[in-house]
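For reference, the structure is listed below as structure tokens.
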Amino acid sequence: MIDIGGNLGVLMTAILTAHPRLRGVVFDLPHVAPQAARRLAEHGLAERCQVISGDARQQVPAGADCYLLKMVLCDFGDLDATAMLHAVRHAITNDGSLVIIDKLRRPPRRDDATLLRTTMSALNLLVMTGSLERSQTEYQQLLHATGFTLADTKRTDALDGELYLLHARPA
Ligand SMILES: C[S@@+](CC[C@H](N)C(=O)[O-])C[C@H]1O[C@@H](n2cnc3c(N)ncnc32)[C@H](O)[C@@H]1O
2 MIDIGGNLGV LMTAILTAHP RLRGVVFDLP HVAPQAARRL AEHGLAERCQ VISGDARQQV
62 PAGADCYLLK MVLCDFGDLD ATAMLHAVRH AITNDGSLVI IDKLRRPPRR DDATLLRTTM
122 SALNLLVMTG SLERSQTEYQ QLLHATGFTL ADTKRTDALD GELYLLHARP A
């Protein structure tokens with residue numbers, strides 16, 4: 002499994018701990034990689050997890066069964082998000098999986114605190130970065146344009162139900 006934009010490897014540590022036969026790669030920008038490598042080593046995972054640095058808009062390592070993008074695409078507009086997904090499409094095998102974990106933008110409702118939080122976070126992203134959390138339809142379109150099919154969408158318990166998991170496969 003490759004965690005693109007995997008930061009210090011917190012999620013990868015949890016996944017590798019839960020699945021002792023799995024091997025991982027944390028991929029992130031060059032200034033993040035050394036700290037991620039140190040953290041993974043401290044957790045005894047240096048043998049099972051490589052840290053590779055680069056720009057995911059250009060290229061990501063090939064050959065993994067599963068590519069994970071958690072809370073990364075929401076930070077980017079469609080141009081950069083498309084470049085990242087093209088890079089993954091180029092690297093992934095035809096029977097591989099792409100897992101995107103992000104908030105999904107949905108119409109807000111006054112009586113739904115989770116939806117209101119997601120809307121506030123979307124506004125925050127828009128003001129601070131010019132980006133915006135995507136709706137499920139927007140993800141579908143982005144995936145379709147980059148050679149993937151959305152196979153499944155699940156709501157998770159994370160962030161009080163705000164995070165969704167989208168499972169896509171090469172089309
Ligand atoms: C919001 S953080 C999410 C970190 C982690 N996936 C999580 O859920 O906690 C975004 C991560 O993407 C990384 N990142 C940003 N641009 C990137 C790029 N062009 N290529 C690779 N990683 C990138 C950042 O360094 C950061 O670690």
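In our numbering, the protein residues as written are 2 to 172.
We put the beta carbon where it would ideally sit given N, CA and C, even for glycine.
**Spatial distance of Phe77 from Gly7 (CA atoms)** = 15 Å
**Item:** Cα-Cα separation, Lys1 to Leu99
**Value:** With the chain running from 2 to 172 in the structure shown, residue 1 is simply not present.
**Message:** Tell me which residue opens and which closes the beta strand (DSSP E) that Pro35 is part of.
**Reply:** Counted as a single uninterrupted DSSP element, the stretch harbouring Pro35 is not any beta strand (DSSP E) but the alpha helix (DSSP H) occupying residues Ala34 to Glu43.
**Asked** From Ala152 to Ala84, what distance separates their C-alpha atoms?
**Response** Straight through space, the alpha carbons of Ala84 and Ala152 are spaced by roughly 21 Å.
**Prompt:** Could you give the residue range of the beta strand (DSSP E) that holds His168?
**Reply:** Leu164 to Pro171
**Asked** First and last residue of the alpha helix (DSSP H) that includes Ile16?
**Response** Val11 to Ala19
**Request:** Go through its chain and collect everything with a Cβ distance to Arg170's Cβ below 6 Å, but skip five positions before and after it.
**Result:** Thr150 and Ala152
**Request:** Go ahead and label Asp103 buried or exposed: buried means 16 or more other beta carbons lie within 10 angstroms of its beta carbon, across all protein chains shown.
**Result:** buried
**Prompt:** Can you tell me whether DSSP reads Val27 as helix, strand or coil?
**Reply:** strand
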